[in-house]
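Sequential numbering from 483 applies to the sequence shown in our numbering. Glycine included, C-beta positions come from ideal geometry on N, C-alpha and C. Quantities reported herein were computed from a predicted structural model and do not represent experimental measurements.
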Amino acid sequence: MSSRLVAHSCQRKGKSEWSMCSVAADVLTAMLTALLLALLANPEAQRNAQAEIDKVVVSGHLPDFGEETMPYVSVLVEELIRWWTVTPL
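Below, the structure written as structure tokens:
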């Protein structure tokens, strides 16, 4: 799908701009798939992350990236990036 988007949209914008969007969409898709697989394989990690998210969101505001309100989720994402690299090392 992203290749069709790039091919169609290159006529209106520069090719490099759409290539970057395409790569970002593909990387995000791969990372979200890896996250879902990891959480399905580790239900305890899923419960811990959900509890931490519920604790922050229930207080009335969404988490801010500037503050360290969800250390477990942050470590989970870092471990996911380490475990499932998008490009070979």
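| Rounded C-alpha distance that separates Met537 from Ala506 | Per the sequence presented here, residue 537 reads as Lys, with Met not at that position. Straight-line Cα distance between these residues: approximately 30 Å.
| In terms of residue numbering, what span does the alpha helix (DSSP H) encompassing Val557 cover? | For Val557, the enclosing alpha helix (DSSP H) covers residues Pro553 to Trp565.
| task | Quick one: grab the DSSP three-state call for Gly542. | result | Of the three classes helix, strand and coil, the one that applies to Gly542 here is coil, per DSSP.
| Straight-line gap, Cys492 to Met513 (C-alpha atoms, nearest Å) | Because Cys492 carries a pLDDT of 49, less than 50, the predicted location of this residue cannot be relied on, and the following value inherits that uncertainty. If I take the Cα positions, the gap works out to 26 Å.
| Beta-carbon gap between Val559 and Leu518 smaller than 9 Å | No, they are not a contact pair.
| task | Consult DSSP for Asn524 and reduce its assignment to one of helix, strand or coil. | result | DSSP places Asn524 in coil when its eight states are reduced to three.
| task | Verify whether the separation of the beta carbon atoms of Glu534 and Val555 is less than 9 Å. | result | Cβ atoms of Glu534 and Val555: closer than 9 Å.
| request: With DSSP as the reference, label Val534 as helix, strand or coil. | output: Reading the sequence as shown, one finds Glu at residue 534 and not Val. Under the three-state reduction of DSSP output, Glu534 falls in the helix class.
| field | Whole-angstrom distance between Asn524 and Val557, CA atom to CA atom | value | Spanning the two alpha carbons is a distance of roughly 15 Å.
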